[in-house]
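The listed protein sequences derive, respectively, from chains R and S. For the first sequence, my numbering assigns the number 200 to the last residue and increments by one with no breaks. For the second sequence, my numbering assigns the number 200 to the last residue and increments by one with no breaks. Even glycine gets a Cβ: it sits at the ideal position worked out from N, Cα and C.
2 protein chains.
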Amino acid sequence: MPRGYCRRHGPGQHCTCAMGHLYRFVEPVVLYALMLKGEAHGYDLASVVQEHALTDAEIEKASLYRTLKQLEANGHVTSRWETDGSGPARRLYRLTPSGEQHLQEWVEVLEHLSHTMGQFVANVRAYTNRPTDK
Amino acid sequence: MPRGYCRRHGPGQHCTCAMGHLYRFVEPVVLYALMLKGEAHGYDLASVVQEHALTDAEIEKASLYRTLKQLEANGHVTSRWETDGSGPARRLYRLTPSGEQHLQEWVEVLEHLSHTMGQFVANVRAYTNRPTDK
DNA sequence: ACCCCATAGGTGCGATTTTCACCTAAATGG
DNA sequence: CCATTTAGGTGAAAATCGCACCTATGGGGT
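Right under this line is the structure:
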């Protein structure tokens, strides 16, 4: 929405698509999905993160896989290959204690953000509907 | 916070600094500041946007000026030079009707985002403190 | 006369992030 | 034997960010 034209929702829409993926808060949602699932592979997480996504824009797999890779590099998740079973090999991810703590940090950040956003909205509305604004 | 180390708050902090400026929601804050001020120049807005910023990270002037330039390109603000008066010339900005409407669109987006974030926070907390989680 | 500081408005550019398209590979169905 | 589904990516152009740097005006101090 903020910048230019939205390919997903067409023109004249105000959506969150133009916010990048960091803005779409992929990381906390992935951490949460992993906490719910216990152990899961990326392809599997795709649908779960979509349900819990904070914005209306699609979380695409490129950013999902890269987020998982980065979470592993930071020690927030671990992974192991599962080669047996049918179909291609799956990389199974699991949350580490550090990952759970990181999610709690995200929760605090998002709580604060939710608050300031709510206040901002209230401020704008109050100013827009102020009595002197005939 | 999400990625790596924060230069502003040091290590071990969970802040919003690592979110980019789009993430810091500069645009709606600039629009609101301009609505409050009526007419203002960039340097002047710098302090006002800081007060109303949605995150704890500094909104730096590079992004402020670029946001203003872009808002003008999209017809959300107009500008004129004020050369008289002492000191260097100032570029005075003013909100257009389109800009006011754009702020209202932002308000809807932010309201939705504030809601989903609040719910996400509640969900994580509920799951973390669930009875079966001995 | 000279220099420094505050005000004002930027730009340059390397580094990071995002996006969309594209690729490999294993099993399954026809 | 060929297409589809599941799975896990990568390449690379485009967009964005952040910090450093630049110009210019006027006022105050020495």
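For the segment 171-183 of chain S, which residues have a CB atom closer than 7 Å to at least one CB atom of chain R, in sequence order?
E171, V173, E174, V175, L176, E177, L179, S180, T182, M183
If we count Cβ pairs, one from each stretch, closer than 8 Å, do we get three or more for the segment 98-108 of chain S versus the segment 118-136 of chain S?
yes
In angstroms with no decimal places, state the Cα-to-Cα distance between L179(S) and D150(S).
If you number the second sequence from 1, residue 179(S) lands on position 113. If you number the second sequence from 1, residue 150(S) lands on position 84. When rounded, the distance between both Cα atoms is 44 Å.
So with CB distances below 8 Å, who are the chain R contacts of G86(S)?
As a first step, residue 86(S) must be located in the second sequence, where it is residue number 20. Chain R residues near G86(S): G86, L88, Y89.
Taking only beta-carbon atoms, is R191(S) less than 8 Å away from chain R?
As a working note, residue 191(S) is residue 125 in the second sequence. Yes, R191(S) lies at the interface with chain R (some Cβ there is under 8 Å from its Cβ).
Residue span of the beta strand (DSSP E) that contains S164(S), given as start and end:
Locating residue 164(S) in the second sequence gives position 98, counting from the first residue. Segment 163-194 is the alpha helix (DSSP H) holding S164(S); no beta strand (DSSP E) there.
Using 8 Å as the cut-off, can you tell me whether the segment 91-99 of chain R makes contact with the segment 184-199 of chain S, which would need three or more C-beta pairs spanning the two stretches below that distance?
yes
Could you list the residues in the segment 98-113 of chain R with a C-beta less than 8 Å from some C-beta on chain S, going in chain order?
Y98, M101, L102
Within 8 Å of any Cβ in chain S, is that where the Cβ of T82(R) sits?
Taking the first sequence and counting its residues from 1, one reaches residue 82(R) at position 16. Chain S, which has a Cβ nearer than 8 Å to the Cβ of T82(R), makes this yes.
Beta carbon proximity, H142(S) to chain R, threshold 8 Å
Looking up residue 142(S) in the second sequence gives position 76. It does not: the Cβ of H142(S) has no partner Cβ on chain R nearer than 8 Å.
Helix, strand or coil for R146(R), going by three-state DSSP, please let me know.
As a working note, residue 146(R) is residue 80 in the first sequence. Note: R146(R) maps to strand in three-state DSSP.
Rank C81(S), L102(S), V92(S), M85(S) by C-alpha distance to the C-alpha of R196(R) and give the top, closest one.
The residue you call residue 196(R) lines up with position 130 of the first sequence. The shortest Cα separation from R196(R) among C81(S), L102(S), V92(S), M85(S) belongs to L102(S).
Any beta carbon of chain R sitting closer than 8 Å to that of V187(S)?
By one-based count along the second sequence, residue 187(S) stands at place 121. Cβ-Cβ to chain R under 8 Å: yes for V187(S).
Against chain S, with Cβ distances strictly below 8 Å, would T162(R) count as a contact?
Position 96 of the first sequence, counted from the start, is the residue given in the question as residue 162(R). Not one chain S Cβ lies under 8 Å of T162(R).
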